[in-house]
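Following: one structure in structure tokens, then a few remarks.
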Amino acid sequence: MAVPSFLARERIIARPGFNRWLIPPAALAVHLCIGQAYATSVYKAALVSHFESSLTAIGIIFSIAIVMLGLSAAVFGTWVDRNGPRAAMFTAACFWSAGFLVGALGISTEQLWLVYFGYGVLGGIGLGIGYISPVSTLIKWFPDRPGLATGMAIMGFGGGALIASPLSRQLMNWYDPTYDGTIGTTPSGSAVAQLFVTLGIVYLVFMMFGAFIVRVPAPDWRPDGFDPSQVKAKSLVTTENVSANNAIKTPQFWLLWTVLFCNVTAGIGILEQAAPMIQDFFRNGETSTVLAATAAGFVGLLSLFNMAGRFVWSSTSDYIGRKPIYMVYLGVGLVLYVLLATVGSTATWIFVILAAIIISFYGGGFATVPAYLRDLFGTYQVGAIHGRLLTAWAAAGIAGPLIINGVLDARGTPGELTAGDYRPALFIMVGLLAVGFVANLMIKPVAEKWFEPKNTDVPTAASTTGDRNLTR
Amino acid sequence: MSTPRHAGDQQATTNTPTGLVAFAWALVGVPLAYGLYNTVKAASALFGG
Numbered sequence: 034m035a036v037p038s039f040l041a042r043e044r045i046i047a048r049p050g051f052n053r054w055l056i057p058p059a060a061l062a063v064h065l066c067i068g069q070a071y072a073t074s075v076y077k078a079a080l081v082s083h084f085e086s087s088l089t090a091i092g093i094i095f096s097i098a099i100v101m102l103g104l105s106a107a108v109f110g111t112w113v114d115r116n117g118p119r120a121a122m123f124t125a126a127c128f129w130s131a132g133f134l135v136g137a138l139g140i141s142t143e144q145l146w147l148v149y150f151g152y153g154v155l156g157g158i159g160l161g162i163g164y165i166s167p168v169s170t171l172i173k174w175f176p177d178r179p180g181l182a183t184g185m186a187i188m189g190f191g192g193g194a195l196i197a198s199p200l201s202r203q204l205m206n207w208y209d210p211t212y213d214g215t216i217g218t219t220p221s222g223s224a225v226a227q228l229f230v231t232l233g234i235v236y237l238v239f240m241m242f243g244a245f246i247v248r249v250p251a252p253d254w255r256p257d258g259f260d261p262s263q264v265k266a267k268s269l270v271t272t273e274n275v276s277a278n279n280a281i282k283t284p285q286f287w288l289l290w291t292v293l294f295c296n297v298t299a300g301i302g303i304l305e306q307a308a309p310m311i312q313d314f315f316r317n318g319e320t321s322t323v324l325a326a327t328a329a330g331f332v333g334l335l336s337l338f339n340m341a342g343r344f345v346w347s348s349t350s351d352y353i354g355r356k357p358i359y360m361v362y363l364g365v366g367l368v369l370y371v372l373l374a375t376v377g378s379t380a381t382w383i384f385v386i387l388a389a390i391i392i393s394f395y396g397g398g399f400a401t402v403p404a405y406l407r408d409l410f411g412t413y414q415v416g417a418i419h420g421r422l423l424t425a426w427a428a429a430g431i432a433g434p435l436i437i438n439g440v441l442d443a444r445g446t447p448g449e450l451t452a453g454d455y456r457p458a459l460f461i462m463v464g465l466l467a468v469g470f471v472a473n474l475m476i477k478p479v480a481e482k483w484f485e486p487k488n489t490d491v492p493t494a495a496s497t498t499g500d501r502n503l504t505r
Numbered sequence: 247m248s249t250p251r252h253a254g255d256q257q258a259t260t261n262t263p264t265g266l267v268a269f270a271w272a273l274v275g276v277p278l279a280y281g282l283y284n285t286v287k288a289a290s291a292l293f294g295g
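So the sequence lines, in the order shown, correspond to chains A and B. Counting in my numbering, the first sequence runs from 34 upward without gaps. Counting in my numbering, the second sequence runs from 247 upward without gaps.
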């Protein structure tokens with residue numbers, strides 16, 4: 034599928050002297066917007082009331098969006114790699130924005146299916162394309178620090194929720210003055226519809242800014258002082274290239290899929306239940322020693338560690354290597370989960386510290402995986418391979434809540450649960466992390482038979498265009 | 247800033263304006279700072295009781 038010439042990869046090849054530090058904000062402009070997907074709880078109650086529906090029915094909107102994220106990243110990954118980041122960011126902006134506008138129409142006309150289609154399907158496609166759009170470009174601009182580069186962008190996905198939550202509350206307060214953002218007040222459906230229109234327009238502008246400043250490096254570009262032969266010296270890191278179609282035939286891809294699935298499922302186990310979990314862990318009869326406001330603060334703290342983990346751990350992986358950092362995420366994570374299950378209810382500060390570190394590993398797992406893929410499969414179609422790997426996220430998005438909710442449903446009624454009721458779910462997560470740990474240990478360098486011919490250039494290649502004057 | 251090397255090129259070099267780089271970082275940094283401030287404020291309830 035061809036794209037208009039102003040979006041084409043050949044039009045955005047950077048001239049010599051281009052400052053590569055313009056690329057991270059371009060990536061952040063996209064990820065900060067699509068990160069709103071993790072701030073849907075702000076208007077969830079309002080939609081339940083507006084549609085006279087259930088939490089489950091409204092929760093499906095988010096579930097559809099995450100499933101569509103995984104599917105669209107897998108399906109459009111090769112298209113993204115072929116056409117470049119500007120076309121991908123532009124397309125993501127259109128879908129993401131259209132999702133909000135169609136969703137607003139659905140709210141205004143009280144047609145829930147339109148919200149499913151708008152925010153869920155259209156928005157989900159925007160999420161998937163937007164999520165992978167800057168990744169391979171960042172890896173090519175920062176071959177010396179791929180973990181740092183992708184960590185910065187994917188940190189933005191975590192940061193997007195931090196921005197969208199207070200911003201949404203503020204906007205809904207303007208559109209419905211009876212709503213003040215405190216517990217117990219709910220904005221009107223009309224206020225949520227206006228919020229969707231506002232976010233749709235703001236995100237469109239913001240993401241387009243990223244699309245129009247992004248550039249790809251020329252094929253022979255290298256950062257000062259960077260010697261690719263030094264990269265090869267590290268174990269597991271290849272200077273060869275593997276296509277996306279071949280990558281999924283390798284055991285390394287599926288082992289990494291398992292690693293991501295286990296890490297994300299375990300993290301979602303805590304994220305999904307964060308606020309009620311801390312209250313239940315410190316329940317004394319019918320009341321908890323942890324107030325609702327304190328529980329909300331705990332959720333905020335987890336968001337901070339989720340975001341910080343993406344940047345800090347992914348950057349650290351540039352120094353200690355991808356396989357060792359996943360041994361930390363999964364191995365130390367496993368120990369922390371055991372501690373959470375056994376001594377987590379002895380003191381609030383122990384519970385908070387354990388959960389915060391676990392969530393930082395969850396974020397780190399997301400942010401480090403593109404660099405791990407680069408190490409194993411090269412840069413040729415790393416965006417497409419990353420897209421296919423994100424199906425693990427979609428699967429974990431279903432499995433994680435199913436495990437935690439399934440166990441808790443079997444143990445009792447919300448509001449009456451205690452720390453002991455969470456133990457079976459936490460030990461299931463321990464088992465999952467053990468599986469992920471073993472899968473990571475089994476990852477070896479990719480066999481030579483999967484390598485592309487030596488003259489296969491990464492798709493940043495300007496050589497295919499022959500038109501150097503088009504470079505910016 | 248890193249200076250790219252472009253073997254045998256005939257094309258003009260560019261010099262990305264520092265102001266553009268600063269503006270781009272500010273555009274993403276200011277909303278992020280707003281989000282961080284509000285989240286830290288919310289999280290402080292955890293320590294303030």
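Cβ coordinates follow ideal geometry from the N, Cα and C atoms, glycine included.
- A check of alpha carbon separations from I93/A across V148/A, P37/A, E143/A, W54/A identifies V148/A as the nearest.
- M340/A is a Cβ neighbour of G191/A, given a cutoff of 7 Å.
- By the criterion of a C-beta distance shorter than 6 Å, M205/A is surrounded in its chain by Y212, P220, A224, L228, once the five residues flanking it on both sides are discounted.
- Not one beta carbon of chain A lies nearer than 7 Å to the beta carbon of G265/B.
- Residue contact check for A279/B against chain A: no CB pair falls below 7 Å.
- A check of alpha carbon separations from D313/A across G448/A, E481/A, A467/A identifies G448/A as the nearest.
- The C-beta of V275/A has 16 or more other C-beta atoms within 10 Å across all chains shown, which makes the residue buried.
- For the 7 Å CB-CB criterion, G330/A and A291/B form a contact.
- For I45/A, no Cβ of chain B is located within less than 7 Å of the residue's own Cβ.
- Taking a beta-carbon distance threshold of 7 Å, V274/B counts as an interface residue toward chain A.
- Distance from the CA of M185/A to the CA of T142/A, rounded to the nearest whole angstrom, comes to 39 Å.
- Annotated three-state conformation of I46/A is strand, per DSSP.
- Under DSSP, N317/A takes part in a beta bridge, and its partners are T320/A.
- In the displayed model, V36/A falls within coil according to three-state DSSP, outside both helix and strand.
- The C-beta distance from T260/B to G50/A rounds to 5 Å, short enough to fall under 8 Å.
- V292/A places its beta carbon 7 Å or farther from that of A107/A.
- A Cβ-Cβ distance of about 22 Å is found for the pair P179/A and A480/A, leaving them out of contact under the 8 Å criterion.
- Following the DSSP letters along the chain, one finds S393/A inside the alpha helix (DSSP H) bounded by residues 381-410.
- In terms of CA proximity to A280/A, I418/A leads the group T322/A, I301/A, I418/A.
- For the set G156/A, A59/A, G469/A, V238/A, the Cα lying nearest the Cα of P357/A is the one of G469/A.
- Look at F294/A: its C-beta is not under 7 Å from any C-beta on chain B.
- Inside the stretch 37-107 of chain A, DSSP marks whole alpha helix (DSSP H) runs of 4 or more residues at positions 56-67, 74-84, from first to last along the chain.
- Taking a 10 Å sphere around the C-beta of S38/A, we find fewer than 16 other C-beta atoms and assign the residue as exposed.
- Under the 8 Å Cβ criterion, the stretch 82-101 of chain A counts as touching the stretch 427-435 of chain A, having at least three qualifying pairs.
- Rounded to whole angstroms, the separation of the alpha carbons of F384/A and V323/A is 12 Å.
- Interface criterion met: the Cβ of G330/A is under 7 Å from a Cβ in chain B.
- Close to L55/A, with beta-carbon spacing below 8 Å, are these residues of chain B in chain order: T262, L266, V267, A270.
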